[in-house]
Structure formats: C-alpha cells, structure tokens
Amino acid sequence: MSARIKICGFTRPEDALAAANLGADAIGLVFYDKSPRHVDIAQAQAIIAALPPFVSVVALFVNASREEVESVLAHCAIDVLQFHGEESAEFCRSFRRPYLKAVRVQPGTDLAALAAQYHDARGLLTDAFVEGAHGGTGKTFDWTLIPPQLPLPLILSGGLDEHNVADAVARVSPAAVDVSSGVESGKGIKSPSRMASFIAAVRAAQHSISPV
Ligand SMILES: O=C(O)c1ccccc1N[C@@H]1O[C@H](COP(=O)(O)O)[C@@H](O)[C@H]1O
Numbered sequence: 000m001s002a003r004i005k006i007c008g009f010t011r012p013e014d015a016l017a018a019a020n021l022g023a024d025a026i027g028l029v030f031y032d033k034s035p036r037h038v039d040i041a042q043a044q045a046i047i048a049a050l051p052p053f054v055s056v057v058a059l060f061v062n063a064s065r066e067e068v069e070s071v072l073a074h075c076a077i078d079v080l081q082f083h084g085e086e087s088a089e090f091c092r093s094f095r096r097p098y099l100k101a102v103r104v105q106p107g108t109d110l111a112a113l114a115a116q117y118h119d120a121r122g123l124l125t126d127a128f129v130e131g132a133h134g135g136t137g138k139t140f141d142w143t144l145i146p147p148q149l150p151l152p153l154i155l156s157g158g159l160d161e162h163n164v165a166d167a168v169a170r171v172s173p174a175a176v177d178v179s180s181g182v183e184s185g186k187g188i189k190s191p192s193r194m195a196s197f198i199a200a201v202r203a204a205q206h207s208i209s210p211v
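FYI, numbering that gives the first Met the number 0 numbers position 110 of the sequence shown as 109, with every residue one higher than the one before it.
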C-alpha cells in the first residue's frame with residue numbers, strides 16, 4: 000500500500016487546488032481559532048468548492064464544542080473529522096463520521112492503549128509533543144516511540160518536510176503522512192514547489208520499498 004498524503008492548514012482555494020493537482024489525497028482545514036491557519040466557514044466553503052472530485056476534506060478541531068463541530072458539518076462538505084485535543088472517544092464517535100484521533104507523542108505515551116481506546120477511529124495520527132501547543136509546530140518526535148504493530152492505521156505527522164519524509168516513510172511505514180508547516184512559504188500559505196517536492200519524496204520512498 001502506498002502511503003496516502005494529507006496536507007493540512009489551507010487558507011486559500013488556489014493552494015488547495017494546487018495540492019489536489021499535485022496528487023494530495025486529502026486536504027485539511029483548521030477550525031481552531033488560536034491557529035494561524037484557522038479558517039471560518041465561508042473560507043472553508045470557498046476552499047472546498049475549488050477542489051476536484053475524490054479529494055477528501057478533513058476538518059481539524061482542538062477541544063471544540065459539540066455545537067462548533069455540528070455547525071461546520073452542517074455548512075461544509077466534510078469527509079473526515081480530526082480531533083487534536085483531549086476529546087474523549089465517545090465525543091469523537093458521536094458525530095457518526097469517520098474520524099482521526101491525534102496524539103502528541105513523548106516518552107511514555109502508550110500508543111497501543113490509545114489505539115484500543117479510539118478503536119473505531121480511521122487512524123491514529125501521531126504528532127510531536129510541544130508544551131503549550133496542540134499541533135502544527137513543525138517539530139518532529141522520536142519515531143522509535145511508535146510500536147511496530149498498531150491495531151489502527153498510523154498517520155505520521157509532526158515536522159515532516161521534503162527533506163525528512165522519505166526517511167520517515169522508510170522507517171515507520173505509515174498508512175499516511177500529514178504535513179502542514181513543512182510545505183509552507185508562510186503560516187497558512189502553501190508553497191506549490193514544496194508540496195510537489197514533498198509528494199515526490201513520499202512516492203520515491205514508497206517505490207524504493209516496494210518497486211511494483
Ligand atoms: O496546523 C495547525 O495550526 C494546527 C493547530 C492545532 C493543532 C493541529 C494543527 N495542525 C496539525 O498538526 C500536525 C503537525 O503539523 P506540522 O506539519 O508539524 O506543522 C498536522 O497533523 C497538522 O494537521
């Protein structure tokens with residue numbers, strides 16, 4: 000299986016369209032108002048309207064209220080929810096949508112236990128633990144903290160970029176990778192050339208692991 004690619008934190012329709020045209024499988028929209036990549040519903044609708052068919056739209060939340068999540072779902076064509084805070088499994092599954100649970104990994108994080116807790120998630124998304132931040136920091140973490148066998152698909156994120164993603168794919172064999180800062184020219188502004196290099200690096204790493 001080739002690693003699927005999600006690029007997160009779009010604020011402009013033209014960047015999301017460029018990502019889709021370059022081959023991204025999914026784009027992420029950040030509904031967290033403390034993020035420099037935050038979008039409101041009108042911005043999200045414009046970004047989604049620019050996309051071609053068969054590109055998944057992921058809505059990212061950090062400890063949002065039920066009403067906030069439901070409002071986004073009511074107004075935007077969202078395929079997958081991504082929860083980046085301390086949301087319970089019960090809360091995540093209550094929307095009856097595919098969801099990803101993000102975990103900020105540090106020594107002692109029990110990923111196997113978290114995979115059991117969020118067993119109905121579409122994947123466990125591993126990000127770097129950075130004190131005081133919920134994600135999108137551009138920091139990597141120690142990938143050896145990821146157990147070799149997890150009962151959920153692993154989505155690797157945290158500080159990935161065009162220079163380290165091939166190594167990450169070769170070492171961790173994730174089901175998918177997720178990147179935000181590492182393909183930007185400024186906060187919330189995605190660089191077409193960095194996105195192209197990132198996607199090419201993932202594909203090349205995959206090809207060297209399984210050439211057919
Ligand atoms: O992108 C953000 O601003 C953000 C804010 C709060 C929580 C998560 C956020 N982004 C997600 O963080 C990871 C890692 O991002 P990076 O590549 O290290 O910048 C990724 O899953 C983003 O979707």
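Every residue, glycine too, gets a C-beta built ideally from N, C-alpha and C.
| Query | Result |
| --- | --- |
| Measuring only from the beta carbon, is residue 138 closer than 8 angstroms to any heavy atom that is part of ligand 1? | yes |
| Going by DSSP in three states, residue 196 sits in which element: helix, strand or coil? | helix |
| Just list the alpha helix (DSSP H) runs in the region 88 to 116, keeping only unbroken ones of 4 residues or longer that don't cross its boundaries, in chain order. | 88 to 92 and 110 to 116 |
| Quick one: residues in its chain with C-beta nearer than 7 angstroms to the C-beta of residue 135, no 5 flanking neighbours on either side, listed in chain order? | 8, 34, 36, 179 and 180 |
| Looking at the structure shown, is residue 74 part of a helix, part of a strand, or coil, going by DSSP? | helix |
| What is the DSSP secondary structure of residue 145, counted as helix, strand or coil? | coil |
| I'd like to confirm something about residue 216: is its beta-carbon nearer than 8 angstroms to some heavy atom of ligand 1, or not? | Because residue 216 is not part of the residues shown, which for the chain are 0 to 211, the question remains open. |
| Rounding to the nearest angstrom, what Cα-Cα distance links residue 206 and residue 66 in this structure? | 44 angstroms |
| Is there contact here, the region 11 to 26 with the region 34 to 54, by at least three beta-carbon pairs under 8 angstroms? | yes |
| Does residue 22 come out as helix, strand or coil in the three-state DSSP assignment? | coil |
| Nearest by alpha-carbon distance to residue 123: which of 114, 129 and 131 is it? | 114 |
| Measure the C-alpha to C-alpha separation of residue 149 and residue 192 and round it to an integer number of angstroms. | 33 angstroms |
| Using beta-carbon positions only, say whether residue 80 and residue 105 come within less than 9 angstroms of one another. | no |
| Any chance the CB of residue 185 is under 8 angstroms from a heavy atom of ligand 1? | no |
| If I'm right that residue 76 touches residue 57 with Cβ under 8 angstroms, what's the distance once you round it to whole angstroms? | Not quite, the Cβ-Cβ distance comes to about 12 angstroms (not below 8 angstroms), so this is no contact. |
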